[in-house]
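S.K.: Encoded as structure tokens, here's the structure I'll be asking about.
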């Protein structure tokens, strides 16, 4: 029996792209210098609706950056997640759990020693992420060209820039799919009233599945 079970595996390419774009702050996991994980923003490049490459960077002092070229890595992108109480189901004897979504991408890392690649990376990240925070003020999207002369050149030696060539992509979606419709509607109703954004997003996704 495979894990995660088939009912948790989400094959919708559009859903994968939406999660990677909305929640780009990933766990970047490697094991070549001991098992290590760093939270970093990663941007995905797509071909034929599938991610083929992740681009990112690490502080060169990070042990993960040592001998990184050619290493296998795992990047996990956290979507919404929320606690689900047994009180929200018809059968109170079933234990509490979490509903969540995430994308796991595995591949091989290639270190890139190209300052223009780095410029493009940080500019693309800003173009993707800054509009998601427009509520803090009507500012122009930051770009590396706004920095003082020589800033990027001074920064670059302290950074390890890389791309991860994607070998596999898996989206996991645990939304009480195996439970009765009445339970799922009750869970969605309770989560909608939560002050937590992740809970409300899970409620919306449960309702979307019920309507399919």
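In the working numbering, the protein residues as written are -3 to 208.
Cβ coordinates follow ideal geometry from the N, Cα and C atoms, glycine included.
So for residue 90, helix, strand or coil by DSSP?
M.R.: coil
S.K.: Less than 8 angstroms between the beta carbons of residue 53 and residue 158, yes or no?
M.R.: yes
S.K.: Thinking C-alpha only, which one of 19, 14, 64 and 23 is nearest residue 42?
M.R.: Nearest to residue 42 by alpha-carbon distance, out of 19, 14, 64 and 23, is 14.
S.K.: How would you label residue 103, buried or exposed, when you count the other beta carbons within 10 angstroms and need 16 or more for buried?
M.R.: buried
S.K.: Per DSSP, which residues does residue 70 bridge with? Please list them.
M.R.: 25 and 102
S.K.: In whole angstroms, what is the alpha-carbon distance linking residue 32 and residue 56?
M.R.: 15 angstroms
S.K.: Should residue 60 be labelled buried (16 or more other beta-carbon atoms within 10 Å of its own) or exposed?
M.R.: Residue 60 should be labelled buried.
S.K.: Quick check: residue 121 and residue 47, are their CB atoms within less than 8 angstroms of each other?
M.R.: no
S.K.: Using the rule of at least 16 other Cβ atoms within 10 Å of the residue's Cβ for burial, across every protein chain shown, is residue 20 buried or exposed?
M.R.: Using a 10 angstroms sphere on the CB of residue 20, the tally of other CB atoms reaches 16 or more, which defines it as buried.
S.K.: Checking 8 angstroms against the spacing of the C-beta atoms, do residue 137 and residue 115 come in under that value?
M.R.: no
S.K.: Ordered along the chain, which non-local residues of its own chain (more than five positions away) have a Cβ less than 7 angstroms from that of residue 195?
M.R.: 78 and 187
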